[in-house]
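The opening residue of the sequence shown carries number 1 in the UniProt record's numbering; numbering runs sequentially from there. Ideal Cβ placement from N, Cα and C applies to all residues, glycine included. Predicted model only: the values in this text are computed from it and were never measured. This report concerns only the one structure given below.
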Amino acid sequence: MGRYVIRRLLQMIPVFFGATLLIFLMVNVMGDPIAGLCGDRQCDPATATQLRKEFGLDKPLWQQYVTYMGNVFTGDFGTAFNGQEVTELMASAFPVTIRLTIVAILFEIVIGITLGVVTGLRRGRPVDTGVLLVTLVVISVPTFVTGLLLQLLLGVEWGWISPSVSPEAPFDELIVPGLVLASVSLAYVTRLTRTSIAENRRADYVRTAVAKGLPRRRVITRHLLRNSLIPVVTFIGTDIGALMGGAIVTERIFNIHGVGFQLYQGILRQNTQTVVGFVTVLVLVFLVANLLVDLLYAVLDPRIRYA
């Protein structure tokens, strides 16, 4: 296990540098960030030159990237064009998005896996058909439609929730936004769990466990469910980074000042330091989540061992 972890950590190094380089190049070709600082009017040449020198934009692109990565390893993610440190924006945004992601992941695990197990054990029955239809509708409807509809009904018409989340963003105010954020992934988790349960239910080891007279609950939890959850855990693990980075729509709808909100503002204002800094942290989150998922395989399936 130790060798495997070290090997995976070494593999993460080129992936990290490659991903950050790609993002750095893509963000820097979006347009001239200095032009956005002057609003509708064009910057005079002297001011534009001074700003480019101040933010290091007068240097070649490769040199900007090397300087940026060198600062990252010292904990310096740069300064936004409004003069605020990017680390300060991260300190206020990431805790909010982490709470929102936790709520979304809990919905995926509790509701998605439960519905998947129920429908997988009752494949072809009315409850299975009904859940499949509902999940298909959820997947087909865009997230912004689901979010606006729930905000209108629950927040404006019925008054059950606040239409917008307060700046502190406590867990109780993030329940509905978390459900909106997790809706599509929850539907996929349900369908993936159902398929995996239905396939493994016909496996030899399950029939052997039933023939030995083991209780039904033990057959399902100890034998069927553990092996069936491997593809589900893979999906949820990769979905953690996707949820944190893809919360732009949900956070805009419910006025949540998290990572998605800061990324939207950074892209809108062509603030390269903010966008690259936040995406760099999201790349690390994605890599760590994938490593933890791989290590969970050995827990779920004893047959899997890492040399």
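Kindly list the residues whose CB is nearer than 6 angstroms to the CB of residue i, restricted to its own chain and excluding five residues on each side of it in sequence; keep chain order.
i      : result
Thr101 : Leu243 and Met244
Arg281 : Per the sequence presented here, residue 281 reads as Val, with Arg not at that position. If we look at Val281 and ignore the five residues flanking it on each side, it has no Cβ neighbours.
Asp239 : Ser185
With DSSP as the reference, identify every bridge partner of residue i, one or two as the case may be.
i      : result
Thr129 : DSSP output for Thr129 lists no bridge partner at all.
Glu85  : Thr79
Might you give, ordered along the chain, the residues of its own chain that have their beta carbon closer than 8 angstroms to the beta carbon of residue i, omitting 5 neighbours on each side?
i           : result
Arg8        : Leu291 and Asp294
Phe16       : Val283, Leu284 and Leu287
residue 310 : There is no way to answer for residue 310, as the model of the chain reaches only from 1 to 307.
Ile220      : Val117 and Leu121
Met12       : Leu287 and Leu291
Leu133      : none
Leaving aside the five residues before and after residue i along the sequence, list all residues of the same chain whose C-beta is less than 7 angstroms from its C-beta, in chain order.
i      : result
Phe235 : Tyr188, Val189 and Leu192
Glu85  : Thr79
Ala169 : Val96, Arg99 and Ile256
Phe171 : Arg99 and Val103
Ala198 : Gly120 and Arg123
Ile248 : Gly260, Leu263 and Tyr264
Leu174 : Arg99, Leu100, Val103 and Val165
Tyr65  : Leu21 and Phe24
Val206 : Asn200, Val219, His223 and Leu224
Hey, how far is the Cα of residue i from the Cα of residue j?
i           : j      : result
Thr87       : Gly78  : 8 angstroms
Ile105      : Phe73  : 30 angstroms
Gly241      : Val259 : 12 angstroms
Arg222      : Val233 : 16 angstroms
Val275      : Pro163 : 27 angstroms
Gly18       : Met90  : 22 angstroms
Ile113      : Val131 : 12 angstroms
Val141      : Val156 : 21 angstroms
Gly246      : Arg226 : 29 angstroms
Arg202      : Ala211 : 13 angstroms
Gly237      : Ala289 : 6 angstroms
Asn71       : Leu61  : 15 angstroms
Leu10       : Gly2   : 12 angstroms
Leu136      : Gln63  : 48 angstroms
Asp204      : Thr143 : 41 angstroms
residue 382 : Ser228 : No statement about residue 382 is possible, as the shown extent of the chain runs from 1 to 307 and does not include it.
Thr67       : Phe278 : 17 angstroms
Lys59       : Met69  : 15 angstroms
Gly159      : Leu152 : 9 angstroms
Ile111      : Arg269 : 39 angstroms
Thr208      : Ile6   : 38 angstroms
Arg217      : Pro126 : 22 angstroms
Phe107      : Ser92  : 24 angstroms
Thr129      : Arg52  : 60 angstroms
Ile109      : Pro215 : 24 angstroms
The alpha helix (DSSP H) spanning residue i covers which residue range?
i      : result
Ala247 : Where Ala247 is concerned, there is no enclosing alpha helix (DSSP H), given that its DSSP letter is neither H nor E.
Ala19  : Gly2 to Asn28
Pro177 : Ile175 to Asn200
Asn255 : It is not in any alpha helix (DSSP H) - Asn255 carries neither H nor E in the DSSP assignment.
Gln265 : Val259 to Leu268
Trp62  : Leu61 to Val72
Leu148 : Thr143 to Leu150
Ala209 : Asp204 to Ala211
Ile113 : Ile113 to Leu121
At least 3 beta-carbon pairs within less than 8 angstroms: the region 187-206 vs the region 265-275: Touching, no, given that fewer than three Cβ pairs across the two stretches are closer than 8 angstroms.
Segment contact, 8 angstroms Cβ cut-off, at least three pairs: the region 90-106 with the region 176-184: The region 90-106 makes contact with the region 176-184; the number of CB pairs closer than 8 angstroms reaches 3 or more.
With contact counted as at least three CB pairs below 8 angstroms, one residue from each stretch, are the region 250-257 and the region 147-164 in contact? Because the criterion of three Cβ pairs below 8 angstroms is met, the region 250-257 and the region 147-164 touch.
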